[in-house]
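So the number in the working numbering is just where the residue sits in the sequence shown, counting from 1, plus 640.
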Amino acid sequence: MKLARKFLFLTFAAMLVGITRGGVADAQSASTNRWQWLNNTYWYVPSQYLLAVVSDPSLGPPIPVSDQTVYYISNYKGGYFWGTTAVSYTAPHSEPSSPTCLQLVGSVTPEGEVHLTFTPLSSTTPAPAAPAPTIGIGNMTFQQSKWTMENQMSATVIGDLLLTHWAYMYQCTRGQPCFRSLPGVKTSIPDFLGPCMTQSPS
Numbered sequence: 641m642k643l644a645r646k647f648l649f650l651t652f653a654a655m656l657v658g659i660t661r662g663g664v665a666d667a668q669s670a671s672t673n674r675w676q677w678l679n680n681t682y683w684y685v686p687s688q689y690l691l692a693v694v695s696d697p698s699l700g701p702p703i704p705v706s707d708q709t710v711y712y713i714s715n716y717k718g719g720y721f722w723g724t725t726a727v728s729y730t731a732p733h734s735e736p737s738s739p740t741c742l743q744l745v746g747s748v749t750p751e752g753e754v755h756l757t758f759t760p761l762s763s764t765t766p767a768p769a770a771p772a773p774t775i776g777i778g779n780m781t782f783q784q785s786k787w788t789m790e791n792q793m794s795a796t797v798i799g800d801l802l803l804t805h806w807a808y809m810y811q812c813t814r815g816q817p818c819f820r821s822l823p824g825v826k827t828s829i830p831d832f833l834g835p836c837m838t839q840s841p842s
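Written out as structure tokens, the structure reads:
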């Protein structure tokens, strides 16, 4: 009788462990799937957040510039996402620069903390001298009834010039004004991203 009771106890305990493990796995899957909707989305900088600064101690105080950045997130899987980025800077009294093309690889935690890595596409510079990837951090932030990416980053852009920028990036969908004319560069998202999409790895 004692052996039978012990066997039943061990069997029940094993079942509980299996259920608990299954529940944890299901919860982890549900939490990472929270951001599955990021797949196949476009993100841009609204006009009120275009301001960035470039700095170099040898040139004096930081200089304000306009920085339009667009992400196309082509894939999302288990808390990771990747795609293509195009960036254009506009100095005071100047025309916008041609877009710089980068590969975007990011992660987002279940709580919404974001980590971003930008690597230049089609660089002809030898690997040891190639520009280091740009790192950004941020948070998924709900405001004005929609999700935004509250991001910040710093990167060396030309020579020793350091670009520093933070912004609430908003999603843009086809049919919205932002898709037809991006703030700061006055071109559509397809035209702005187009040269970069041809360079992006599949």
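A virtual CB, placed ideally from N, CA and C, is assigned to each residue, including glycine.
The Cβ-Cβ distance between tyrosine 689 and methionine 809 falls below 9 Å.
In the DSSP assignment, glycine 700 falls outside any beta strand (DSSP E) and carries neither an H nor an E. Among the bridge pairs identified by DSSP, glutamate 790 is matched with Asn779, Tyr808. With a beta-carbon spacing of about 5 Å, leucine 802 and serine 695 fall inside the 8 Å limit used to define contacts. Between the stretch 823 to 841 and the stretch 783 to 793 there are fewer than three inter-stretch CB-CB distances shorter than 8 Å, so the stretches are not counted as touching. Burial of serine 728 is indicated by the presence of at least 16 other C-beta atoms within 10 angstroms of its C-beta. Rounded to whole angstroms, the separation of the alpha carbons of threonine 730 and proline 739 is 11 Å. Sequence-distant partners of threonine 672 (beyond 5 residues in either direction) whose C-beta falls short of 8 Å from its own C-beta, in its chain, are Gly718, Gly719, Pro750. Under the DSSP assignment, glutamine 743 falls outside any alpha helix (DSSP H), being part of the beta strand (DSSP E) whose first and last residues are 740 to 748.
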